[in-house]
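Engineer: Take a look at the following structure, please.
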Amino acid sequence: MMHIVLTESLGIPDSLLNHYVAPLIEEGHTFSAYPKTLDAHVLAEEIRDADVIMLANMPMPKEALDACKHLKYVDVAFTGVDHVDLHTVKEKGALLSNASGYSNEAVAELAIEMMLSLLRHVPEVEERCRQGKDKTGLVGRELKGKTVGIVGLGKIGKRTAQLCQAFGCRVIGTSRTHQTGELDGIACMTLEDLLVSSDIVVLHCPLNASTHHLMNERTIDLMKDGALLLNLARGGVVDSKALANALQSGKLAGAGIDVFDKEPPLQPDEPLLHAPNTLLTPHVAFATEESMALRAEIVFENLRCFLEGQPSNLVGN
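With the working numbering applied, the sequence shown corresponds to residues 6 to 322, in that order.
And the structure:
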């Protein structure tokens, strides 16, 4: 029998969590749930006896994982897994799965919302209205007819492309494996060609050694003057200081940022907090009632498959 430890809330009602946990208890497994902690020492004590660790996007560092005596499986209720020390997981001979696909709709919809809000100056005109002022100097632009460049053509990138196409956009894209030809109506090209051609650039790529600070001073300079940049990927994909400088100088007309180098709350010295025409959200793209329910379904199905000896959605194995 397995000792299963959930190290943070999955964002679902207790009744739904109990629905998934009850069959595990009936089978003789034990289940413990804890609130999220960033204290590695506390976390180490919580997972010390775990056979299975379940988590979402909280950090799972080596210091905590080293305490595990008999870890067999890490079940990540998130798409990215760069917040888990994968080397230590592998050293312990444990498997790791993610919940890819749960937030495709949620993230793609927020991308569209950010495009529309930035193009129509929604935050600014809303504030003007509250102040008893008019729209002077804040006439917006339409999304229809814009060229949208999508960096990262996984399921989320493709769904964003579909929504953009429905608005009448030309969609171009790039990924590690798609830099020529066409994919689902998306014209594929190199990153450099995409940047010089796009009115709006949307980041949906994973964070790894090749994408760290993918958007930096050089690549941002390649973008069209007055373009928009949206990051709904991972914070480390963008050099925030370079982006803030491009916004301050007027090189870019605006940015929509949902992810940062560190999880919000942000520190006062975060450069993007002081940049103009910037729509900032505290890592909420994935978080809807619908996506949280789907995430729980996927992560507990991953667990069921592992317990039955047929692990699914494996990452890095």
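All C-beta atoms in this analysis are idealised placements derived from N, C-alpha and C, irrespective of residue type, glycine included. These numbers come from a predicted model, not from an experiment.
Starting from N236, trace the beta strand (DSSP E) in both directions and tell me its first and last residue.
Structural biologist: 232–236 is the span of the beta strand (DSSP E), which, as asked, contains N236.
Engineer: Using the Cα positions of S202 and D90, report the straight-line distance between them to the nearest angstrom.
Structural biologist: C-alpha separation (whole angstroms): 37 Å.
Engineer: Could you compute how far the alpha carbon of A280 sits from the alpha carbon of R181?
Structural biologist: The alpha-carbon atoms of A280 and R181 are separated by roughly 31 Å.
Engineer: Count the other CB atoms within 10 Å of the CB of L319; is the residue buried (16 or more) or exposed (fewer)?
Structural biologist: It is exposed - the Cβ of L319 has fewer than 16 other Cβ atoms within 10 Å.
Engineer: So the candidates are V79, E32, Y25; which of them puts its Cα closest to the Cα of T5?
Structural biologist: The requested residue 5 does not occur in the structure, where the chain is confined to residues 6 to 322.
Engineer: Quickly, what does DSSP pair F36 with across the bridge? List them, please.
Structural biologist: Paired residue(s): I9.
Engineer: Excluding the five sequence neighbours on either side, which residues of its own chain have a C-beta within less than 6 Å of the C-beta of T293, listed in chain order?
Structural biologist: Answer for T293: A111, listed in chain order.
Engineer: Give the single residue among C169, H183, V289 whose Cα lies nearest to the Cα of G157.
Structural biologist: Measuring from the Cα of G157, the nearest candidate turns out to be H183.
Engineer: With 16 other CB atoms within 10 Å as the buried threshold, where does A214 fall?
Structural biologist: Counting Cβ neighbours within 10 Å, A214 comes out exposed, since fewer than 16 surround it.
Engineer: Taking buried to mean at least 16 other C-beta atoms within 10 Å of its own C-beta, is K163 buried or exposed?
Structural biologist: Under this definition K163 is a buried residue.
Engineer: On the three-state DSSP scale, how would you describe A27?
Structural biologist: A27 falls in the helix class under three-state DSSP.
Engineer: Assuming I17 and A301 make a contact with CB atoms under 8 Å, what is their CB distance in whole Å?
Structural biologist: Contact holds; Cβ gap of about 5 Å.
Engineer: Compute the Euclidean distance between the alpha carbons of F36 and R223, then round it to the nearest angstrom.
Structural biologist: So the two alpha carbons sit approximately 49 Å from each other.
Engineer: Quick check on the burial criterion: 16 or more other C-beta atoms within 10 angstroms. Buried or exposed for E239?
Structural biologist: Here residue 239 turns out to be Arg, not Glu, going by the sequence shown. The residue in question, R239, is buried, as its Cβ has 16 or more Cβ neighbours within 10 Å.
Engineer: Figure out for me which residue from E129, G154, I155 has the closest Cα to the Cα of V144.
Structural biologist: With distances taken between Cα atoms, V144 lies closest to E129.
Engineer: Please report the distance separating the alpha-carbon of K256 from that of L168.
Structural biologist: Rounded to the nearest angstrom, the two C-alpha atoms are 27 Å apart.
Engineer: For the alpha helix (DSSP H) containing G261, list its first residue and its last residue.
Structural biologist: Taken as a continuous stretch (DSSP letters only), G261 belongs to no alpha helix (DSSP H), being part of the beta strand (DSSP E) at 257–262.
Engineer: Starting from G154, follow the beta strand (DSSP E) in both directions and report where the run begins and ends.
Structural biologist: G154 -> beta strand (DSSP E) spans 152–156.
Engineer: Secondary structure at D198, three-state DSSP: helix, strand or coil?
Structural biologist: DSSP places D198 in helix when its eight states are reduced to three.
Engineer: Just verifying my parser: in three-state terms, what is the DSSP assignment at D19?
Structural biologist: Three-state DSSP puts D19 in a helix.
Engineer: Leaving aside the five residues before and after Q136 along the sequence, list all residues of the same chain whose C-beta is less than 8 Å from its C-beta, in chain order.
Structural biologist: Excluding residues within five positions, none has a Cβ falling inside 8 Å.
Engineer: Can you tell me the Cα-Cα spacing of L101 and K140, whole angstroms?
Structural biologist: Rounded to whole angstroms, L101 to K140 spans 52 Å at the Cα level.
Engineer: For R175, which of helix, strand or coil comes out of DSSP?
Structural biologist: Correct three-state label for R175: strand.
Engineer: Tell me which residues share the same chain as L284 and place their Cβ nearer than 8 Å to its Cβ, disregarding the 5 neighbours each side in the sequence.
Structural biologist: Correct list, in chain order: M119, S122, L123, P128, G259, A260, G261, I262.
Engineer: Just verifying my parser: in three-state terms, what is the DSSP assignment at H220?
Structural biologist: For clarity, residue 220 is Met in the given sequence; the question names His instead. In this structure, M220 counts as strand in the three-state DSSP scheme.
Engineer: Can you tell me where the beta strand (DSSP E) holding T283 begins and where it ends?
Structural biologist: Taken as a continuous stretch (DSSP letters only), the beta strand (DSSP E) holding T283 covers 283–285.
Engineer: So what's S122 in DSSP terms, helix, strand or just coil?
Structural biologist: Three-state result, S122: helix.
Engineer: With distances taken from CA atoms, which of V94, R125, A45, L200 is nearest L76?
Structural biologist: L76 has its Cα closest to that of V94, out of V94, R125, A45, L200.
Engineer: Residues in the same chain with beta-carbon distance under 6 Å from I303, minus the five sequence neighbours each way, listed in chain order, please.
Structural biologist: The answer, listed in chain order, is A104, Y107.
Engineer: Measure the alpha-carbon distance for P273 versus V207 and round it to whole angstroms.
Structural biologist: Near 26 Å, if we compare the C-alpha coordinates of V207 and P273.
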